[in-house]
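Undergrad: In the UniProt record's numbering, the protein residues as written are 1 to 261. A virtual CB, placed ideally from N, CA and C, is assigned to each residue, including glycine. Fair warning: this is a prediction, and the values are worked out from it, not measured in the lab.
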Amino acid sequence: MKPRQRLMISFLEQHTFLSVNKLAELLEISLPTVRRDLQEMETDGYIRRVNGGAFLISKRDDSSEKALGSDPFEAHKKAIAAEAIKWIQPGDTLFIDSGSTNSYLADFLTELKDITIVTNSIDIAYKCMRRPGLQVFVCGGTAEEVRAEAGIVGPLAEQLIMQFRASLCILGTSGLDMKQGITDPFLSAASIKNKMLTYSTKRILVTDHSKFGKIHKAFVAPIESFDCVITDWEADTEDIGRIRAQGTDVIQAVMINNEQQ
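#1: Helix, strand or coil for VAL254 per DSSP?
#2: Give every residue of the same chain whose Cβ lies closer than 6 Å to the Cβ of VAL50, excluding the five residues on either side of it in the sequence, and list them in chain order.
#3: One question on the structure: do LEU171 and MET196 come within less than 8 Å of each other, judged by their Cβ atoms?
#4: Could you tell me the alpha carbon to alpha carbon distance between PRO90 and CYS128, rounded to whole angstroms?
#5: By Cβ distance below 7 Å, which residues in the same chain neighbour ASP62 in space, the five residues on each side in sequence not counted?
#6: Measuring CB to CB, does SER191 end up less than 8 Å from GLU234?
#7: Please classify ASP208: is it buried, with 16 or more other beta-carbons within 10 angstroms of its beta-carbon, or exposed?
#8: Over the uninterrupted alpha helix (DSSP H) stretch that includes ARG36, give me the two end residues.
#9: At which residues does the alpha helix (DSSP H) containing ARG244 begin and terminate?
#10: Assign LYS217 to one of two classes, buried (16 or more other C-beta atoms within 10 Å of its C-beta) or exposed (fewer than that).
#11: I need the boundaries of the alpha helix (DSSP H) containing LEU156, first residue and last residue.
#12: Give me the Cα-Cα distance between ASP184 and LYS78, rounded to the nearest whole angstrom.
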């Protein structure tokens with residue numbers, strides 16, 4: 001990596017997102033040079049270019065970037081995403097929040113048409129914004145690293161959500177407990193989820209079985225606020241029964257592509 005590219009990463013670590021113009025100003029180099037460097041850095045997996053600038057896609061060390069398959073629940077999340085995509089119909093306005101399962105869902109979204117997407121996820125927006133059948137609205141606000149993924153939070157992000165009336169929202173979670181409901185480690189992320197729930201007609205929760213029984217500090221909503229919970233084949237049958245007893249449907253995704261060993 002070139003010395004000025006290392007300097008770019010240093011600036012991006014401080015600011016999360018920087019425009020091409022700002023990088024050129026900070027480094028005192030031309031705009032074409034900035035663009036060439038960013039293209040090289042994106043190819044190498046250090047940054048992602050979006051909306052006239054760039055952001056770090058992960059905090060990586062010298063050994064490797066986030067390795068493919070390093071998530072022990074990757075197969076579960078992909079299966080959940082494949083099930084969730086069945087709920088989305090042409091003409092839908094969709095709220096989708098930041099998170100690893102929804103990031104997999106975005107890979108399926110790129111095959112759909114006539115869908116309006118409102119998201120606070122930079123990763124999801126980047127995946128979807130160049131697809132001709134998708135109209136993408138990205139929340140403005142404060143960029144934060146939420147569970148190793150860049151998400152936009154804060155009052156400005158919430159204001160955009162409140163301008164829409166979504167036919168469907170698909171939300172992830174870090175915690176699902178039968179008594180305490182849906183919770184999140186981050187107050188700012190919990191507030192985004194709550195706003196998406198409030199302004200949606202149909203509400204879907206996507207979560208793998210490892211989140212069951214976990215409680216975090218920020219309350220999002222009761223389980224019964226959701227029409228359906230989509231989880232994986234390893235979810236506890238007693239937990240599934242308790243969720244259904246609260247009036248929320250449960251779908252268990254099955255493994256796909258023989259990913260489970």
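TA: To lay it out plainly:
#1: coil
#2: TYR126
#3: yes
#4: 15 Å
#5: With a pLDDT of only 39 at ASP62, under the threshold of 50, the placement of this residue in the model should not be trusted; the figure read from the coordinates follows. For ASP62, where only same-chain residues beyond five positions count, there are no Cβ hits under 7 Å.
#6: no
#7: buried
#8: 31–43
#9: 237–245
#10: exposed
#11: 155–162
#12: 21 Å
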